[in-house]
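Trainee: I'd like to ask you about the structure that follows.
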Amino acid sequence: MNKTLANNDFSDIVFGRKSIRVYDENVKIPHEEMLEMIQEATTAPSSVNLQPWRFVVVESDEAKAKLKPLIRFNTKQNDTSSAMVLIFGDMNCYEYGEEIYDQAVEEGKMPAEVRDEQLAAIIPYYKNFTREQMNDVVKIDSSLAAMQFMLTARSHGYDTNPIGGFEADQLAEAFDLDKERYVPVMILSVGKAVDQGYESVRLASEKITSFK
1 MNKTLANNDF
11 SDIVFGRKSI
21 RVYDENVKIP
31 HEEMLEMIQE
41 ATTAPSSVNL
51 QPWRFVVVES
61 DEAKAKLKPL
71 IRFNTKQNDT
81 SSAMVLIFGD
91 MNCYEYGEEI
101 YDQAVEEGKM
111 PAEVRDEQLA
121 AIIPYYKNFT
131 REQMNDVVKI
141 DSSLAAMQFM
151 LTARSHGYDT
161 NPIGGFEADQ
171 LAEAFDLDKE
181 RYVPVMILSV
191 GKAVDQGYES
201 VRLASEKITS
211 FK
């Protein structure tokens, strides 16, 4: 994140989050800061570092009007948030494999021979995935980035709300993406909350955990 957090700061970011529905409509997030938050979010782990997450930031009135009929019961967030961040998984993420691994070599994080060996194994392996297998991979990885974005936004002083209720079959095309390649994973509203939101309950860890 953008600064070192004391324990109490981290606790507030992780455990102090509430479900926010209404935001301050006057607060806009500068593009530079939004890109910074997304960059920080992409420090999340991904399978063989192929980073399948893709972001569409919906912030203009025109774009929000296009999104509104696709998000069912979450229109308050759309109407009042600084932005709605659409997170997609790229089913062809392996096409970036060479660029990613070349960068690792250039930055001294990987020897060239290791890059060559890994790419020779990874790219054919990914190309042979069934659509269902690839869908699972990109959704798991992109969900990690989504959670990381929520934590990052909180560290920047913003609030978020994850949204899973939307017209998944229409979302990509509505924002000029190939729906066969880009699968919608989640929508995050982000902005400054104007209400306290509400807390929800969680099952006790003893109820959901087993030790073997």
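Using full-length UniProt numbering, the letters of the sequence shown correspond one by one to residues 1 to 212.
We treat Cβ as the ideally placed atom computed from N, Cα and C, and that holds for glycine.
(1) Measure from the alpha carbon of Ser47 to the alpha carbon of each residue in Val57, Glu36, Ile100, Gln77, then state which is nearest.
(2) Return the residue from the list Thr75, Leu188, Lys76 that minimises the CA-CA distance to Phe88.
(3) Considering only C-alpha positions, which residue in the set Thr209, Asn78, Gln51, Leu35 is nearest to Ile163?
(4) Does the segment 66 to 75 touch the segment 146 to 159, meaning 3 or more C-beta pairs lie closer than 8 angstroms?
(5) Thinking C-alpha only, which one of Asn92, Met110, Glu113 is nearest Glu131?
(6) Could you tell me the alpha carbon to alpha carbon distance between Ala174 and Glu113, rounded to whole angstroms?
(7) Using a 10 Å radius around the Cβ and a threshold of 16 neighbouring Cβ atoms, would you call Pro184 buried or exposed?
(8) Leaving aside the five residues before and after Thr42 along the sequence, list all residues of the same chain whose C-beta is less than 8 angstroms from its C-beta, in chain order.
Mentor: Let me lay it out:
(1) When each option's Cα is compared against that of Ser47, the closest is Ile100.
(2) Leu188
(3) Asn78
(4) no
(5) With the sequence shown as reference, residue 131 is identified as Arg, and Glu is not the correct amino acid for it. Nearest option by C-alpha distance: Asn92.
(6) 42 angstroms
(7) buried
(8) Gln51, Trp53, Ala145, Gln148
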